[in-house]
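Position 182 (the sequence shown) corresponds to 181 in numbering that gives the first Met the number 0; numbering is contiguous.
To keep things clear, I will list the structure first and then write my remarks on it.
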Amino acid sequence: MSIPEKIQLLEAELTPQNCQLVAVSKTKPHDLIMEAYHAGFKRFGENRVQELVEKHQALPKDIEWHMIGHLQRNKVKYIAPFVDLIHGVDNLKLLAEIEKQALKNQREIPCLLQIHIAQEQSKFGFNEQEIMVLFEEDAFESFTHVRIKGLMGMATFTTDESQVRSEFRTLAQLFQNIKQNYSLPNVQMEVLSMGMSNDYQIAVQEGSTMVRIGSSIFGSR
Ligand SMILES: *Cc1c(COP(=O)(O)O)cnc(C)c1O
């Protein structure tokens with residue numbers, strides 16, 4: 000199956016469930032991205048700043064670029080002029096830097112707060128308690144250029160489906176809890192980014208509104 004066909008099939012599955020597709024194009028060459036682009040698909044995700052900047056410069060300007068990977072504070076300035084959504088905001092200092100760079104570029108930058116739901120130590124993100132404190136204290140009050148659009152999380156890399164499901168369910172409940180109980184000026188809880196090639200169907204069943212899929216579209220890396 001061609002790349003456009005794979006994307007079309009995924010979108011036909013996701014759209015009725017109110018879920019958006021981010022095609023994760025990391026490590027993949029321009030021509031593969033352009034195959035999808037020419038078929039009308041324009042939402043791509045990258046996890047390295049340098050690669051994201053290079054692709055943004057080289058490829059059509061109406062592509063919607065998502066930064067899905069771990070983001071270091073000193074690199075925010077490179078993507079601030081154009082990035083459409085930053086998925087992995089995992090600390091307040093990073094959010095403050097995004098605010099600063101957004102202000103400099105006179106634009107708003109939509110962000111997702113990354114929540115640590117997996118068992119693995121290595122995954123980044125706030126824990127549940129930390130995130131509740133942030134909303135309780137309105138830690139985002141001083142920010143005028145970052146927009147908190149929702150939450151993002153990654154499940155444990157395991158074949159144990161029930162564990163993956165329970166982690167996604169935990170994140171979805173946290174998302175609903177915040178959405179229902181906190182109304183803050185620069186927070187709009189609209190996006191729940193969870194699910195990758197191996198686990199997206201479970202994520203969608205548990206309420207994901209945005210999946211990040213790479214290898215099942217572009218092939219293994
Ligand atoms: C690479 C990556 C994905 C996509 O993974 P696939 O297994 O290729 O679908 C999704 N989210 C993040 C944060 C990634 O780094």
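The beta-carbon is built from N, C-alpha and C at its ideal position, and this holds for glycine as well.
In the structure shown, His-86 adopts extended strand secondary structure according to DSSP, grouped into three states. Counted as a single uninterrupted DSSP element, the stretch harbouring Met-153 is not any alpha helix (DSSP H), since DSSP gives it neither H nor E. Taken atom to atom, the span from the alpha-carbon of Asn-197 to that of Ile-62 is near 25 Å.
The chain-ordered list of residues whose CB is nearer than 7 Å to some heavy atom of ligand 1 reads Val-23, Lys-25, Gly-44, Asn-46, Ile-67, Gly-68, His-86, Gly-87, Met-153, Met-195, Ser-196, Asn-197, Arg-211, Ile-212, Gly-213, Ser-214, Ser-215, Arg-220. Unbroken alpha helix (DSSP H) runs of no fewer than 4 residues, entirely contained in the stretch 47-118, are found at 48-57, 75-78, 91-103, following chain order. The beta-carbon separation of Val-210 and Tyr-199, rounded to 4 Å, stays under the 8 Å limit for a contact. With respect to the 9 Å criterion, Val-82 and Gly-213 are not classified as neighbours on the basis of their beta carbons.
Annotated three-state conformation of Phe-217 is helix, per DSSP. Under the Cβ criterion (8 Å, minimum of three pairs), the stretch 143-154 counts as touching the stretch 88-101. Cβ atoms of Phe-43 and Trp-64 come within 8 Å of each other, at about 6 Å. Across the structure, Met-193 and Ile-177 are spaced so that their CA atoms are roughly 16 Å apart.
Taking 9 Å as the cut-off, the Cβ atoms of Ile-201 and Phe-167 count as close. One alpha carbon belongs to Phe-123, the other to Asn-104, and they sit about 27 Å apart. Boundaries of the alpha helix (DSSP H) around Leu-173: 160-180.
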